[in-house]
Structure formats: C-alpha cells, structure tokens
Amino acid sequence: MLHDIELDKKVPEKTKIVKDVAECAREFYKLKNKIRIKSDLSLRDLYRGLELSVKHPLKKAQEKLDQAVKKAYYYGLPKNMQKEDPLEFLLGLNLLCYKKEKEGHQIVGPGLPSFCNEDKVYFSDDTIGLKGIEGD
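In our numbering, each residue's number is its place in the sequence shown (first place is 1) plus 844.
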C-alpha cells in the first residue's frame, strides 16, 4: 500500500508500458550513438551539450524516454499521486518496499519484470565496453 492505496497487481496495459520504455530507450541509445560517432564526442561532452542546449537533437528523445518511464512508475495511481514531486514519490515507494520486505513479502528488484523474460523485444545485443578489450 502506498499513500493508503493498495496497488492493483493486475495491470492490463503493463506489457505495452514496458515495451514503450524499451522502444524509447532503444531509440535514444541509437540516436545518442549516431550523434556521438558523427561528431566524435565523448559521452561526457555529448551529455554536457544536452544539458546546455535548448535545441539539442537528443533533447526530444530524452523527454520521450522520461515520459515513458514516468508513465510506468505512475500507472494505476490516482492523479493526485502522479502530481507529487518525483523524488518524494520514489522515496515513498522505496520506504514501502523496505517495509514490505521486512514483513516477509517478496520484492521485485530493478530490471525487467518476470513477464518480459521470454519476449525478445525487450533485449538488445548493444554493449558498452572499452576498445581493445575482448568483446569490443
């Protein structure tokens, strides 16, 4: 229960919501790499430009990903809870998970929910590595 509201465990759109996050993340990653390689920028320089520029090409993709993630976190919650400060909301959610875990309930950790494990749409073969190290 969060803010005296029992969260619905049967979320009919949960697969679509997770797919939206995966698709937005993949789009962001591809665009980020395209810009980084074309401009010969380090990730630090790329993100610095994103923070400083109002019209940075990644800005729209980042906002789209942020909205997809926000929708996933807030799905099924009352509108008034969706208007809370995101950090306060996440702290409350974290405290709730802590209490539930102390009571012996199983807590699903970060990452994909179990209903996604068999669907390849959620996975990619993209990796981050160092040049010259095996696998790169």
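Each residue gets a CB set at the ideal place from its N, CA and C atoms; glycine is no exception.
- Exclusion of the five residues before and after residue 861 leaves 915, 916, 919 as the residues of its chain whose Cβ lies within less than 7 Å of its Cβ.
- Going by beta carbons, residue 875 and residue 905 fall inside the 7 Å limit.
- The residues 965, 966, in chain order, have a CB closer than 7 Å to that of residue 866 in the same chain once the five nearest residues on each side in sequence are set aside.
- For residue 961, the secondary structure class from DSSP, reduced to helix, strand or coil, is coil.
- Rounded to the nearest angstrom, the Cβ distance from residue 968 to residue 880 is 17 Å, too far for a contact under 8 Å.
- Note on geometry: alpha-carbon atoms of residue 883 and residue 895 lie some 17 Å from one another.
- Listed in chain order, the non-local C-beta contacts of residue 941 below 7 Å within the same chain comprise 951, local neighbours out to five positions each way being set aside.
- Here residue 868 is near residue 909, since their CB atoms are less than 7 Å apart.
- Here residue 873 really is in contact with residue 970; their C-beta atoms are around 6 Å apart, less than 8 Å.
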